[in-house]
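For what it's worth, UniProt numbering labels the leading residue of the sequence shown as 1, then goes sequentially. Even glycine gets a Cβ: it sits at the ideal position worked out from N, Cα and C. All values derive from a computational prediction rather than experimental measurement.
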Amino acid sequence: MTAVLPLAGGRGTTLAAVDLDRTLIYSAAAAGSAEGLTEGLEVVEHLDGAPLSHATPASWRLLTELAGRALVVPVTTRTVAQYERVRLPVVPRYALCANGGVLLADGVRDPAWDDWAAETAAQAAPLPELLGLLEAVAGEPWVRTVRAAEGLFCYLVAHAREDIPAGWLADTGAAVTAAGATLSVQGRKVYVVPAGLSKAAGLLRLRRLLAGEGTAPRLLCAGDSLLDAPMLLAADAAVRPAHGELHEQDWTGARVAVTAASGAAAGEEIVRWLLDRVT
């Protein structure tokens, strides 16, 4: 049985769904210069004791305020273990990991959601076949690692974004599409995800479950990548940063705003934008 409970009261009138990497949090390289930042950056994630992700202190304070006015739901391609490394200023009631394939309710994984995700992912080619498209280049000098995530999708990590061959991306993208999946490039990472297993599908399912017998909550979304695009289009209003995969493609939508800033300053601007629309 699902762990999702219908919303009650004014707090549930707005659902603010926010991507994490390169939308809310940033590596040192992706954070950009100090220009446009109200304060310096603080570390919000460590890996093996080393700083990994950053955010502005102002964005974290504003995110706390936003959580008091709306239901903030992190929506990320990260695995559960990767998500749990991030020290968010408040613990969200709900979080969607694995590109919508895993629901955490008060930090506990929902087994009914796992069943739905497995059935959805099965509509594409089997995971070993998708993984094989990436493992075919695992021995290349530009490839750092190839991994499967949560038994649902897979990804490749390159040593540097500029090292990923454009021809390989084009050929692999065509093969991925033929296999019923989606290819997305996010910095040094190349994701291959079953097409039906999307952030939008997970988020809209959560929205319906939260509504119960009542009216579905108003939906605000923020994200930067191709994997975020469907949920941005599904939102009542959305925002994307002036950087990342969507910005490189000059992607937009009728109800999608674009930040003036890029890098970590855009992350702060995004939280302000969301807060302005629930205040």
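Beta-carbon proximity of Cys154 to Val192, cut-off 7 Å: yes
Tell me, please, whether the segment 79–88 touches the segment 175–189 by the rule of three or more beta-carbon pairs shorter than 8 Å. no
Taking Leu133 as the reference, which of Asp163, Pro230 and Ala178 has the closest Cα? Ala178
Using a 10 Å radius around the Cβ and a threshold of 16 neighbouring Cβ atoms, would you call Pro141 buried or exposed? Its Cβ having fewer than 16 others within 10 Å, Pro141 is exposed.
May I have the straight-line CA-CA distance separating Ala260 from Leu15, to the nearest angstrom? C-alpha separation (whole angstroms): 24 Å.
Neighbourhood of Val239 by C-beta distance below 6 Å, restricted to the same chain and skipping five residues each side: Ala222, Ala257, Ile270 and Trp273
Which partner residues does Asp21 have in the DSSP bridge list? Ile25
What do you reckon, are the CB atoms on Leu210 and Ala237 nearer than 7 Å? no
Could you tell me which whole alpha helix (DSSP H) segments of length 4 or greater appear in the segment 111–148? 111–121 and 127–135
Of the residues Thr13, Val18, Leu41 and Ala3, which one's Cα is nearest the Cα of Gly263? Leu41
One or two residues paired with Ser198 in a DSSP bridge: BP columns for Ser198 are empty, so no partner.
For Thr215, three-class secondary structure by DSSP: In the structure shown, Thr215 falls within a coil segment according to DSSP collapsed to helix, strand and coil.
Would you be able to state if there are at least three C-beta pairs under 8 Å between the segment 116–125 and the segment 93–105? yes
Just verifying my parser: in three-state terms, what is the DSSP assignment at Leu15? strand
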